[in-house]
Amino acid sequence: MSERIVVDPITRIEGHLRIEAEVKDGFITDAWSAGTMVRGLEIILKGRDPRDAWAFCERVCGVCTTMHALASVRAVEDAVGIAIPPNAELIRNIMFCVQSIHDHVVHFYHLHALDWVDVVSALKADPAEASRIAQSISHWPKSSPGYFSDLQKRLTKFVESGQLGIFANGYWGHPAYKLPPAVNLIGVAHYLEALEWQKEIVKVHTIFGGKNPHPNYLVGGVPCSINIDEANAINAERLAMVTRLLEQAQVFVEQVYIPDLLAIAPAYLDWAAIGGGVKNHLCYGDLPTNGFADVARFKFPRGAVLDRDLSRIHAVDPKDPSGVQEFIDHSWYSYSGGEGKHPWEGETTFNYTGPKPPYEHLNVEGKYSWLKTPRWKGHAMEVGPLSRMLVGYAAGHAEIKDAVTETLAALKAPPAVLFSTLGRTAARGIETRLTARWALEFHQQLLTNIRNGDSRTFTKEKWDPSTWPTIARGVGASEAPRGALAHWIVINNRKIENYQLVVPTTWNGSPRDAKGQRSPYESSLIGTPVHDPKLPLEILRTIHSFDPCLACAVHLYDDKGAKLQEFSTAPAL
Amino acid sequence: MDILTPSPSVDSRDTTTVYEQLTSRGVSRRDFLKFCGWMSACMGLGSEGVAQVALALETKKRIPVVWMHFQECTCCSESFLRSSHPIVADILLDKISLDYTETLLAASGHQAESVLHQTITKYKGEYLLCIEGSVPTAADGVYCCIGGRSAVDIIQEVAAGAKAIIAWGNCACSGCVQAAKPNPTSATPVSKIITGKPIVHVQGCPPIAEVMAGVLVHLLTFDRIPQLDALGRPKAFYSRRVHDTCYRRPNYDAGLFVESFDDENARKGYCLYKMGCRGPTTYNSCGTIRWNGGVSFPIQSGHGCIGCSESSFWDNGPFYERLGSFPGFGIETTADKIGLVVGAATVVGATGHAILTNIRKHHEIGEQPGESAAQGPSTSAGESSNQGGTQS
Numbered sequence: 001m002s003e004r005i006v007v008d009p010i011t012r013i014e015g016h017l018r019i020e021a022e023v024k025d026g027f028i029t030d031a032w033s034a035g036t037m038v039r040g041l042e043i044i045l046k047g048r049d050p051r052d053a054w055a056f057c058e059r060v061c062g063v064c065t066t067m068h069a070l071a072s073v074r075a076v077e078d079a080v081g082i083a084i085p086p087n088a089e090l091i092r093n094i095m096f097c098v099q100s101i102h103d104h105v106v107h108f109y110h111l112h113a114l115d116w117v118d119v120v121s122a123l124k125a126d127p128a129e130a131s132r133i134a135q136s137i138s139h140w141p142k143s144s145p146g147y148f149s150d151l152q153k154r155l156t157k158f159v160e161s162g163q164l165g166i167f168a169n170g171y172w173g174h175p176a177y178k179l180p181p182a183v184n185l186i187g188v189a190h191y192l193e194a195l196e197w198q199k200e201i202v203k204v205h206t207i208f209g210g211k212n213p214h215p216n217y218l219v220g221g222v223p224c225s226i227n228i229d230e231a232n233a234i235n236a237e238r239l240a241m242v243t244r245l246l247e248q249a250q251v252f253v254e255q256v257y258i259p260d261l262l263a264i265a266p267a268y269l270d271w272a273a274i275g276g277g278v279k280n281h282l283c284y285g286d287l288p289t290n291g292f293a294d295v296a297r298f299k300f301p302r303g304a305v306l307d308r309d310l311s312r313i314h315a316v317d318p319k320d321p322s323g324v325q326e327f328i329d330h331s332w333y334s335y336s337g338g339e340g341k342h343p344w345e346g347e348t349t350f351n352y353t354g355p356k357p358p359y360e361h362l363n364v365e366g367k368y369s370w371l372k373t374p375r376w377k378g379h380a381m382e383v384g385p386l387s388r389m390l391v392g393y394a395a396g397h398a399e400i401k402d403a404v405t406e407t408l409a410a411l412k413a414p415p416a417v418l419f420s421t422l423g424r425t426a427a428r429g430i431e432t433r434l435t436a437r438w439a440l441e442f443h444q445q446l447l448t449n450i451r452n453g454d455s456r457t458f459t460k461e462k463w464d465p466s467t468w469p470t471i472a473r474g475v476g477a478s479e480a481p482r483g484a485l486a487h488w489i490v491i492n493n494r495k496i497e498n499y500q501l502v503v504p505t506t507w508n509g510s511p512r513d514a515k516g517q518r519s520p521y522e523s524s525l526i527g528t529p530v531h532d533p534k535l536p537l538e539i540l541r542t543i544h545s546f547d548p549c550l551a552c553a554v555h556l557y558d559d560k561g562a563k564l565q566e567f568s569t570a571p572a573l
Numbered sequence: 574m575d576i577l578t579p580s581p582s583v584d585s586r587d588t589t590t591v592y593e594q595l596t597s598r599g600v601s602r603r604d605f606l607k608f609c610g611w612m613s614a615c616m617g618l619g620s621e622g623v624a625q626v627a628l629a630l631e632t633k634k635r636i637p638v639v640w641m642h643f644q645e646c647t648c649c650s651e652s653f654l655r656s657s658h659p660i661v662a663d664i665l666l667d668k669i670s671l672d673y674t675e676t677l678l679a680a681s682g683h684q685a686e687s688v689l690h691q692t693i694t695k696y697k698g699e700y701l702l703c704i705e706g707s708v709p710t711a712a713d714g715v716y717c718c719i720g721g722r723s724a725v726d727i728i729q730e731v732a733a734g735a736k737a738i739i740a741w742g743n744c745a746c747s748g749c750v751q752a753a754k755p756n757p758t759s760a761t762p763v764s765k766i767i768t769g770k771p772i773v774h775v776q777g778c779p780p781i782a783e784v785m786a787g788v789l790v791h792l793l794t795f796d797r798i799p800q801l802d803a804l805g806r807p808k809a810f811y812s813r814r815v816h817d818t819c820y821r822r823p824n825y826d827a828g829l830f831v832e833s834f835d836d837e838n839a840r841k842g843y844c845l846y847k848m849g850c851r852g853p854t855t856y857n858s859c860g861t862i863r864w865n866g867g868v869s870f871p872i873q874s875g876h877g878c879i880g881c882s883e884s885s886f887w888d889n890g891p892f893y894e895r896l897g898s899f900p901g902f903g904i905e906t907t908a909d910k911i912g913l914v915v916g917a918a919t920v921v922g923a924t925g926h927a928i929l930t931n932i933r934k935h936h937e938i939g940e941q942p943g944e945s946a947a948q949g950p951s952t953s954a955g956e957s958s959n960q961g962g963t964q965s
């Protein structure tokens, strides 16, 4: 017989996610993913100055901070026809790479590692063995027996104190943990080191954007000016600091993150056959090298892969009315008519029909989430680092293909393992190697431009809204750490008339559609083994492999005048 | 007010002091004192405060902390992790015994809820409650539910046994972006829901990492909440305008303004007032502590302040429209006049401005004679809709 289990809150994510799953004979047979928080940013954006939108949108998420700001300024620039100077593109690309590297490393160590690394087991490790293993996989200097011994003493004291803080009530000792104690000890050491490291790399954002989280962006370029002969601008000292920070980031990625990934993965190769989920992948592409209009020159190629067929890339156009559409069959919204809506035509009204809190279960036959359900040409699509690597691989992008092949060779595994929980986690690492390398390339190009006398970072043309057409529509597409992200804007008489975001976690974490097609979270959980339904460790592994970000996924879309009073008459209330 | 001394009933396992724990982690006495000095400076205590900070960290016990997330974007948690001094992250992640936070907790679901329940039961009246995010009160609270319960319901339970509350960031202090017009979910700040508890408002979107750390260390060190302004913000970090501490201020006083982003004046680092800078109406430490280890702050990197530590700053825009005037000073005409007639007018303008600013500041931070002593912990301070900003 089957048993319904509920995991709420899912922790070590951004936002509020609830998973309900049916378990039968030790395996998940069905699953439902629900976003349980909503803020209503799209309504709030209506009527405002489009040049301000980036700041509102940036507050969609403080974890992938910058990504929504980037998508937003691109949407406005696309709508009114602004081409930014090359240096602005390079600085945005550097900030993009820094965000991606930071986000992926923090995800691996602080949000995902505890699904694979048993903190308590590390207490039993032989520090000399940990040292031997660490030195065999990396040149990272913090690897002596004394280093691991000291760490273990600290850890022992911490555990013996009985106050485990964030490690309290973890799943320690669960049979699904497979790593030897010495590798667990290395994992814990690097958990702590990554915590120290992560605050360094973000200083690149501080230099160009003034702060992190939430650095400043600007329609038409970037706000910082370059002047190598001035104390109050981006000068040689600032640029040298960026160089150093990017170099240190690459060292950490190459000497800590990637070796750890390759050391942990072999113990969990069974997870290369679990958690595959939907078979379609979507990527808008990003990191332009010749302006955002020249999609062919993106570092991350744009395209879609259907049914895991890597021999064919499908063209993607975010402006195609029959391409991206959103459905609300299982979402707490209502439409005035029609089924799927392209975001430019999007409309939504709150329509909460769920149980009045407190509740035990959601009615999954009806509406059960604040996330809408996006589809591309009717297909459920996965987005994220795995999708970027697969689309790049299928597109024959040399650097991506080499990086994927190299990692698969190190794991002695065929490409098929990528379609899995483990594959998602590995793809994130592969991608980070690339972005760490590219960040330095972009920075080098920036230095070259400055040396050649080009220091422009902003174009004044069309800054003044009086130069804009009365009606303008634009799309700002990007590849956030968690996947394909796009903002659609409609500007009417220099004000925002409609603004919609279709974000990575909406693609991955949304409820099923009218045809019963499951989105990636729900689909990927089916077939997942569950050793003890009371301890949802296996569910966390697969859900965390997507790196959920719920604040991002849940919005209230334009409803042409909020009908909040509908709540009082909603059937379930 | 003693809010933090642990009760005698707290387990013996809590007896390790911060200093003992740090030394057991290889932190040297010298580094420890350096940290104390830095914290002391941050809190405006001067050199005599160093010994006080050191003594406190050497002898005070750990306090259980519960960190709740409601309607937010997690930027406050992210900022907190950026604490720049080498040992701040260590102290704040372990020394305070962070018993519940959804962002980092190993456990999920029932195991997570059970940790929360255990902490608030066992340490009733002892734990520090940190809140990140606003609470949506419309529609029976269905806009934010955790574990099947509404945020409105949960916050009442966790606040009941808290010794004190820290409201992190603009969401918890003022509702932030989701409370901007028309506030579709009735996003509500903590102080409008919880009464009868001391609430410290640590403003900003997000607050500066070192300010967050500084507030916690203040609590830990002095067994009392820091002195607050009329809006519930710690005076150590929110008593000065960004404008008054801005390194570009001399340009303002001299009438040297950026006229367009990346123009010649921007490349010389002139004042961003005409680009919409909200520094003149924003109280924060950006100009002094700066961001991410003192690397920079928005104005230094070429963008005006958007006023993110002020209530209702989202509705005080558009951001690129210059302030028509700011309290106590008719800046609009003066800036233009200064720009045109550099010279004698500059001197007069600058002096007059400085005097008026100071008068205004005294009023705003509630520093009238005799007022600060009566300040004490604020229970509902700070949540008026028009505090501080251009609307007042």
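Chains as they are written, first to last, in the working numbering: chain P, 1 to 573; chain E, 574 to 965. From the three backbone atoms N, C-alpha and C, an ideal C-beta is built for every residue, glycine too.
Item, Value
"Please list, in chain order, the residues of the stretch 771 to 789 of chain E that have any C-beta partner in chain P closer than 9 Å.", "C778, P779, I781 and A782"
"For my contact list, V38 of chain P and Y716 of chain E are in at a C-beta cut-off of 8 Å; report their separation, rounded to the angstrom.", "5 Å"
"Using a cut-off of 7 Å between C-beta atoms, extract the partners of C224 of chain P located in chain E.", "S874 and G875"
"Going by C-alpha to C-alpha distance, which of P:G210, P:N508 and P:L239 sits closest to T448 of chain P?", "P:L239"
"What ranges does the beta strand (DSSP E) occupy inside the stretch 19 to 95 of chain P, keeping only unbroken runs of at least 3 residues that lie completely in it?", "27 to 35"
"CB A34 of chain P to CB L525 of chain P, shorter than 8 Å?", "no"
"Judging by CA-CA distance, which residue of P:K367, P:E479, P:L306 and P:R541 is the nearest neighbour of S510 of chain P?", "P:K367"
"Report yes if the C-beta of N235 of chain P is less than 7 Å from at least one heavy atom of the ligand GTP; otherwise report no.", "Absence of the ligand GTP from the depicted structure is noted, as is the absence of any ligand whatsoever, leaving it without description."
"Quick one: measure Cβ to Cβ for F300 of chain P and G392 of chain P, integer angstroms, because I've assumed they're closer than 8 Å.", "6 Å"
"So H190 of chain P is in the alpha helix (DSSP H); what residue range does that whole segment cover?", "P181 to I201"
"Three or more C-beta pairs under 8 Å: does that hold for the stretch 397 to 409 of chain P against the stretch 755 to 774 of chain E?", "no"
"Within the stretch 393 to 434 of chain P, note down every full alpha helix (DSSP H) run reaching 4 residues or more, in order along the chain.", "398 to 411"
"In chain P, what lies closer than 8 Å to P853 of chain E by C-beta?", "The premise fails here: P853 of chain E is roughly 17 Å from chain P at the closest Cβ pair, so nothing lies under 8 Å."
"Of all the CB atoms in chain P, is at least one closer than 8 Å to the CB of K934 of chain E?", "Here K934 of chain E scores only 47 on pLDDT, less than 50, and its place in the model is too uncertain to base an answer on."
"Under 8 Å between C-beta atoms, does E3 of chain P make it to chain E?", "no"
"Answer yes or no: does any C-beta atom of chain E fall closer than 8 Å to that of M95 of chain P?", "no"
"Hey, would you say T505 of chain P sits closer than 8 Å to T528 of chain P, going by beta carbons?", "no"
"Taking just the CA atoms, how far does D30 of chain P sit from W277 of chain P?", "What sits at residue 277 of chain P in the sequence shown is Gly, not Trp. In a straight line, the C-alpha of G277 of chain P is about 12 Å away from that of D30 of chain P."
"Ignore the nearest five residues each way along the sequence and tell me which others in R18 of chain P's own chain have a CB closer than 6 Å to its CB.", "D8, A34 and T36"
"Who are the near neighbours of V295 of chain P in its chain, counting only those whose CB is closer than 7 Å to its CB and skipping five residues on each side?", "G285 and R302"
"When you compare only the Cα positions, how much space is there between L507 of chain P and L282 of chain P?", "For the sequence presented, residue 507 of chain P should be read as Trp rather than Leu. Taking the straight line from one Cα to the other gives about 9 Å."
"Does the separation of the CB atoms of I728 of chain E and P771 of chain E fall below 8 Å?", "no"
"Could you tell me the boundaries of the alpha helix (DSSP H) in which L261 of chain P lies?", "I258 to I264"
"Helix, strand or coil for N235 of chain P? Go by DSSP, reduced to three states.", "coil"
"Does D604 of chain E come within less than 8 Å of chain P when only Cβ atoms are used?", "no"
"How would you write the range of the alpha helix (DSSP H) that A130 of chain P sits in, first residue to last?", "P127 to I137"
"Looking at S652 of chain E and P779 of chain E, is the spacing between their C-beta atoms short of 8 Å?", "yes"
"How about C537 of chain E and R59 of chain P: are their beta carbons less than 8 Å apart?", "With chain E covering only 574 through 965, there is no way to say anything about residue 537 of chain E."
"Would you check if there are 3 or more beta carbon pairs closer than 8 Å linking the stretch 787 to 795 of chain E to the stretch 830 to 838 of chain E?", "no"
"Give, in chain order, every residue of the stretch 670 to 686 of chain E whose Cβ lies closer than 9 Å to some Cβ of chain P.", "S670, L671, D672, Y673, T674, E675, T676, L677, L678, A679, A680, S681, G682, H683, Q684, A685 and E686"
"Is any beta-carbon of chain E found at less than 8 Å from that of K178 of chain P?", "no"
"Quick check: what's the CA-CA separation for C57 of chain P versus I133 of chain P?", "45 Å"
"Evaluate Q941 of chain E with the Cβ neighbour count: other Cβ atoms within 10 Å of its Cβ, from every protein chain shown; 16 or more gives buried, anything less gives exposed.", "Summary for Q941 of chain E: the model assigns pLDDT 37, below 50, so the residue's position carries little reliability, and this model does not support an answer."
"Are V775 of chain E and A740 of chain E touching if we call contact CB-CB under 8 Å?", "yes"
"Which one of P:A55, P:V490 and P:H443 has the shortest CA to CA distance from V750 of chain E?", "P:A55"
"Tell me the DSSP secondary structure of F810 of chain E in three-state form.", "helix"
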